[in-house]
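Colleague: Got a structure here, written out as structure tokens. Questions coming.
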Amino acid sequence: MSVEKLKELESTPVGRLLWKYSVPAVVGTLVMSTYNIIDRVFIGQGVGAEAIAGLAVTFPVMNISAALGTLIGVGAASRISIALGEKNHRLAEQILGNSLVLTVIIGILYISAIGLFLKDILLAFGANELTLPYAYDYMSVLLPGLLIINICYSFNNMMRTSGYPQKAMITMILGAVLNVTLDPIFIFYLDLGIKGASIATVISMTISAAFVMTHFINPNSILHFKRGTFAIDKAIFISIIGIGAAPFLVNVSGSAINAIVNQTLLRHGGYFAVGAVGIFSTYVQLIIMIIIGICQGVQPIIGYNFGAGHFDRLKHAFWLGVIVATAICFVGFVVGELFPEYIARAFTTDEQLIAVTINGLRLSLLAFSIVGFPIVATALFQSIGKAGESIFLGLARQVLFIIPLLLILPRFWQLDGAWLSYPLADVCANACTAYLVIRQFKKFKAVEKK
Numbered sequence: 001m002s003v004e005k006l007k008e009l010e011s012t013p014v015g016r017l018l019w020k021y022s023v024p025a026v027v028g029t030l031v032m033s034t035y036n037i038i039d040r041v042f043i044g045q046g047v048g049a050e051a052i053a054g055l056a057v058t059f060p061v062m063n064i065s066a067a068l069g070t071l072i073g074v075g076a077a078s079r080i081s082i083a084l085g086e087k088n089h090r091l092a093e094q095i096l097g098n099s100l101v102l103t104v105i106i107g108i109l110y111i112s113a114i115g116l117f118l119k120d121i122l123l124a125f126g127a128n129e130l131t132l133p134y135a136y137d138y139m140s141v142l143l144p145g146l147l148i149i150n151i152c153y154s155f156n157n158m159m160r161t162s163g164y165p166q167k168a169m170i171t172m173i174l175g176a177v178l179n180v181t182l183d184p185i186f187i188f189y190l191d192l193g194i195k196g197a198s199i200a201t202v203i204s205m206t207i208s209a210a211f212v213m214t215h216f217i218n219p220n221s222i223l224h225f226k227r228g229t230f231a232i233d234k235a236i237f238i239s240i241i242g243i244g245a246a247p248f249l250v251n252v253s254g255s256a257i258n259a260i261v262n263q264t265l266l267r268h269g270g271y272f273a274v275g276a277v278g279i280f281s282t283y284v285q286l287i288i289m290i291i292i293g294i295c296q297g298v299q300p301i302i303g304y305n306f307g308a309g310h311f312d313r314l315k316h317a318f319w320l321g322v323i324v325a326t327a328i329c330f331v332g333f334v335v336g337e338l339f340p341e342y343i344a345r346a347f348t349t350d351e352q353l354i355a356v357t358i359n360g361l362r363l364s365l366l367a368f369s370i371v372g373f374p375i376v377a378t379a380l381f382q383s384i385g386k387a388g389e390s391i392f393l394g395l396a397r398q399v400l401f402i403i404p405l406l407l408i409l410p411r412f413w414q415l416d417g418a419w420l421s422y423p424l425a426d427v428c429a430n431a432c433t434a435y436l437v438i439r440q441f442k443k444f445k446a447v448e449k450k
């Protein structure tokens, strides 16, 4: 792809661009989400309800890993888009090289820290004597591979934002297909249980990461690794961290919330409630990952046109993204409310776990239709370099609303109170989002008048 091809970001109709960039991203994230669901179905059906609950306990640890991956990956992708919009190709390649070094350094540090205290961390996140062995077996194998997973996801974002949406999609599909193929072999045929699922994940993500790295080593790629771009530049480092801080803090706060949720549900509903939130989280993740795919398609369009000063195209891309995301969330809401039993039975045959999951899905998804707006708005602020707004929006739902609600509502309505924390937090987060978006668009209008 030539550099001239990037000019489509400022000349091709926005609707067509959104289709071109979002569809591959959505397909990729959807395939990965489907793989995650199938992975958990294999565990739930093949190992048992305790294994599903144990897997749910690992989600906060996985969120920490994802947080540290997005700290570099999302921040770098946003900065690369703006640099390309400003026609500063050298800066874009410096960001790419710095990102690899930072990803490796941070990955080694956090994997070592988690590994030293893994059992204590899992207990703090809601494990008990029944679920700890499953959670520990899963994470002890997966933990060393988290660096590879971070590299795969982070540089996949950079691949997309530098003009290769279809190739980024292939990366995601490759990992998912390999994982789904390997899961039954390791879990059932080799009889490795939950450990087999983590082994399959590490192998498949390693192959996907190799595919991504091959792209950036290739000198024919529009952005590729070059000598002299790996030395850490303080200004680049700060700019990456500034934007990446929003998704980083969202994922870290998500870990704190998962810990609070697991402890709250364990107290009010036992390990069946913890298993139910694992199923709920998996279902919601499927929908959210589609929205994230939309955001990944919108991000290079917004970032490039912000750098080029084309605010009309920027706003058009944003509102199209919001409309599509809201429609997808509405479908997720309808399915979750009307067919919760089918969702639960896909993961388990335990009737008590099914009953708890049905109730949890119906209560927690009451306001799910409006979840897409703040997610796309957070991507907007990340894409234009507004770290403060993106951090606030990312944390508003998690820290300002869900955590206090989780601490308060169960005192009055026990388990139902925990489930109701989600829709109430969604309503509050949307109000904050509307205020910030209106304020930002007024700023765009003021710049256009000058």
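Just so you know, we're using the working numbering here: the sequence shown kicks off at 1 and counts up by one. Cβ atoms here follow ideal geometry from the backbone N, Cα and C, with glycine treated the same way. Model, not experiment: these values are computed from the prediction.
1. Within 10 angstroms of the Cβ of A418, are there 16 or more other Cβ atoms? Answer buried if so, exposed if not.
2. Kindly indicate which three-state DSSP category E453 falls into: helix, strand or coil?
3. Do Y134 and I199 have their CB atoms nearer than 7 angstroms?
4. Going by beta carbon distance, what residues of the same chain come within less than 8 angstroms of D191, once the five residues before and after it are set aside?
5. Starting from the N-terminal side, write out each stretch of the beta strand (DSSP E) that is 3 residues or longer and does not extend beyond the region 221-254.
6. Under 6 angstroms Cβ to Cβ from I148, same chain only, skipping five residues before and after it: list those, please.
7. How long is the line joining the alpha carbons of A434 and T357, rounded to whole angstroms?
8. With a threshold of 6 angstroms on Cβ separation, who are the neighbours of G44 within its own chain once the five nearest residues in sequence on each side are excluded?
9. Considering only the alpha carbon of each residue, which of F188, L71 and C152 lies closest to M172?
10. When burial is assigned at 16 or more other CB atoms within 10 Å of the CB, is F155 buried or exposed?
11. With distances taken from CA atoms, which of L122, R345 and R362 is nearest E337?
12. In whole angstroms, what separates the C-alpha of Q94 from that of T229?
13. Is I279 buried or exposed, if buried means 16 or more other CB atoms sit within 10 Å of its CB?
14. Identify whether L9 lies in helix, strand or coil by the three-state DSSP scheme.
15. Starting from I468 and walking both ways along the alpha helix (DSSP H), at which residues does that stretch end?
16. Report the three-state DSSP secondary structure of I384 (helix, strand or coil).
17. For Y435, which of helix, strand or coil comes out of DSSP?
18. Answer yes if the region 322-336 comes into contact with the region 369-379, meaning at least three C-beta pairs across the two stretches below 8 angstroms, and no otherwise.
Modeller: Judging by the given coordinates:
1. Start at 1 with the first residue of the sequence shown, and residue 418 comes out as number 418. So A418 ends up on the buried side.
2. The structure shown has nothing for residue 453, since the chain only spans 1 to 450.
3. Here the question's residue 134 lines up with position 134 in the sequence shown. Here the question's residue 199 lines up with position 199 in the sequence shown. Taking 7 angstroms as the Cβ cut-off, Y134 and I199 do not qualify as a contacting pair.
4. The residue given as residue 191 occupies position 191 in the sequence shown. So no residue of the chain qualifies.
5. none
6. The residue labelled residue 148 in the question sits at position 148 within the sequence shown. M205, T206 and A209.
7. What you label residue 434 is simply residue 434 of the sequence shown in a count that begins at 1. What you label residue 357 is simply residue 357 of the sequence shown in a count that begins at 1. Roughly 32 angstroms separates the two Cα atoms.
8. Counting from 1 along the sequence shown, the entry for residue 44 is found at position 44. Cβ within range, chain order: I52, F347 and T348.
9. As a working note, residue 172 is residue 172 in the sequence shown. It is C152 whose Cα lies nearest to the Cα of M172.
10. Working through the sequence shown from its first residue, we reach residue 155 at position 155. F155 should be labelled buried.
11. By 1-based counting over the sequence shown, the position of residue 337 is 337. Out of L122, R345 and R362, R362 has the C-alpha closest to the C-alpha of E337.
12. In the sequence shown, counting from the first residue as 1, residue 94 sits at position 94. In the sequence shown, counting from the first residue as 1, residue 229 sits at position 229. Between Q94 and T229, the C-alpha separation is close to 5 angstroms.
13. For the purposes of this step, residue 279 is identified with residue 279 of the sequence shown, where counting begins at 1. Label assigned to I279: buried.
14. Here residue 9 refers to the residue found at position 9 of the sequence shown. Helix.
15. With the chain running from 1 to 450 in the structure shown, residue 468 is simply not present.
16. Residue 384 sits at position 384 when you count from the first residue of the sequence shown. DSSP places I384 in coil when its eight states are reduced to three.
17. As a first step, residue 435 is located in the sequence shown; it is residue number 435 there, counting from the start. Note: Y435 maps to helix in three-state DSSP.
18. yes
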